[in-house]
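All residue numbers for the sequence shown refer to our numbering, where the first residue is 128 and numbers rise by one.
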Amino acid sequence: MKIQWTSTVALALLCTGALGSSAQAPQPTGQINGIAHIAYRVSNLDNELAFLKRLGFEESFAFGPAGKPTEVFVKINDRQFFEIYPRTNPSQPLGWMHVCYEVGDLGAFVPVLTARGLQPAPVRKAGAGNLISSLNDPDGRVTEFTQYMPGSRHTLDRGQHLGASRISTELLGFELPVTDLKAGRRFYAALGFDVDDTGNGLRLSLPGNNDLRIELPQYRPGLKVQALFPVANAQQAASQLQAAGVNVTLRNKLVFLQDPDGNSLVLLETGSGQ
């Protein structure tokens, strides 16, 4: 059966011409600056890391016993990562776990969320050495916030593990289905996003980050989370991935692919360097 691929956020970028891409270090503020990482739980850690390696992404660091890590960070760029967890028992669901947003000043940000009626967890130092807080979105999914700190594993790895053959050097955003659009609008507006109606969902943006694109379509059965990455040339990206043994579907300026567990990634042609 032929897979029917869709990506509302990618198509919106194509239609609006908003194809520029230039990841920049954020200024220290009490607001969300961008996406720090997206997290997945996978059925086979080795297979997932091999897949990401075929995309040119390199492992930055891991936690857990030697030979049996419990959490692996794979670098997209110096400020963005994949966070990969192996499933440790059959009851754990596979796939999307959470998104983590980077905040310039987490100590200033959390009281703002509390004042807006949300209940973020107290700020604490995570194992990698960064500050972190979290809360659940209206669908019960974890949403994290982090502030990169001097001496953390992420900070010390800057300039390293930037694979020369990375298929893309930036995570633009993602498409995340939601069940209640009204609740979603209230939640993301409270986080500080600009929220626009699209007719069949919501679109999030940040005044201080022109690259960020997040789409929240109305949930329907079969609709998947999709992560969006820019590439300079879709045909060349598809050819590179096929040569690396990755199955792809090329549609005009979009390249669709899936990891071993069926998680969806979309590559969008920007016509310029990433």
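For every residue, glycine included, the Cβ atom is placed at its ideal position computed from N, Cα and C.
First and last residue of the uninterrupted alpha helix (DSSP H) at residue i
i: A370; result: 361-370
i: R181; result: 172-181
Minimum C-alpha distance to residue i - residue among the options
i: L303; options: Q367, L392, P192, L289; result: L392
i: P247; options: I259, G254, A253, A255; result: I259
i: A255; options: Q207, D264, Y275; result: Y275
i: D388; options: E198, A193, I211, D205; result: I211
i: H225; options: G231, R378, G372, V352; result: V352
i: D232; options: R243, N216, G222, N257; result: N257
i: G328; options: L350, L318, A317; result: L350
i: L333; options: L182, N171, G194, V230; result: V230
i: S170; options: D386, A354, V239, V382; result: D386
i: T325; options: Q287, G335, R312, C227; result: R312
i: R293; options: Q158, N216, L368; result: L368
i: D338; options: T296, V237, F236, V382; result: T296
i: L245; options: E396, V373, A310; result: A310
i: K380; options: D264, E198, L355, G372; result: L355
i: D173; options: Q158, I159, R214; result: R214
i: L288; options: F209, G372, L221; result: The sequence given here places His at residue 288; Leu does not occur at that position. Ranking the options by Cα distance to H288, first place goes to F209.
i: P265; options: G234, Y315, T241; result: Y315
i: W223; options: R168, R347, A193; result: R168
i: F236; options: G194, Q158, S279; result: Q158
i: L318; options: Y228, L221, V199, K195; result: Y228
i: T397; options: K195, Q363, V373, V239; result: Q363
i: V239; options: L395, T156, R330; result: T156
i: N360; options: L377, P217, R347; result: L377
Three-state secondary structure (DSSP) of residue i
i: G244; result: coil
i: L350; result: coil
i: R312; result: helix
i: G222; result: strand
i: K129; result: Any reading at K129 must be qualified, since the residue scores a pLDDT of 40, below 50, and its modelled position is unreliable; no value is offered.
i: N374; result: coil
i: P238; result: helix
i: A163; result: strand
i: A317; result: helix
i: L233; result: helix
i: L394; result: strand
i: N263; result: strand
i: A189; result: strand
i: Q158; result: coil
i: L355; result: strand
i: G300; result: strand
i: D386; result: coil
Start-to-end residues for the beta strand (DSSP E) that takes in residue i
i: A255; result: No beta strand (DSSP E) contains A255, which DSSP labels as neither H nor E.
i: N337; result: 336-344
i: N327; result: It is not in any beta strand (DSSP E) - N327 carries neither H nor E in the DSSP assignment.
i: F184; result: Counting along the chain, F184 falls outside any beta strand (DSSP E), and DSSP gives it neither H nor E.
i: N379; result: Looking at the DSSP string, N379 is not in any beta strand (DSSP E), and its letter there is neither H nor E.
i: Q207; result: 207-213
i: V305; result: That residue, V305, is in no beta strand (DSSP E); it is neither H nor E in DSSP.
i: N204; result: 198-204
Residue i Cβ short of 8 Å to the ligand FAD heavy atom set
i: E297; result: As presented, the structure is devoid of all ligands, the ligand FAD included, so that no description of it is given.
Starting from the N-terminal side, write out each stretch of the alpha helix (DSSP H) that is 4 residues or longer and does not extend beyond the stretch 267-294. 280-283
When the Cβ atoms of the stretch 334-346 are set against those of the stretch 301-317, are three or more pairs found closer than 8 Å? yes
Is there contact between the stretch 238-253 and the stretch 180-188, where contact requires at least three CB pairs shorter than 8 Å? no
Is the stretch 266-285 touching the stretch 167-178 in the sense that three or more CB pairs, one from each, lie closer than 8 Å? no
Three Cβ pairs or more, each shorter than 8 Å: is that satisfied between the stretch 159-167 and the stretch 203-218? yes
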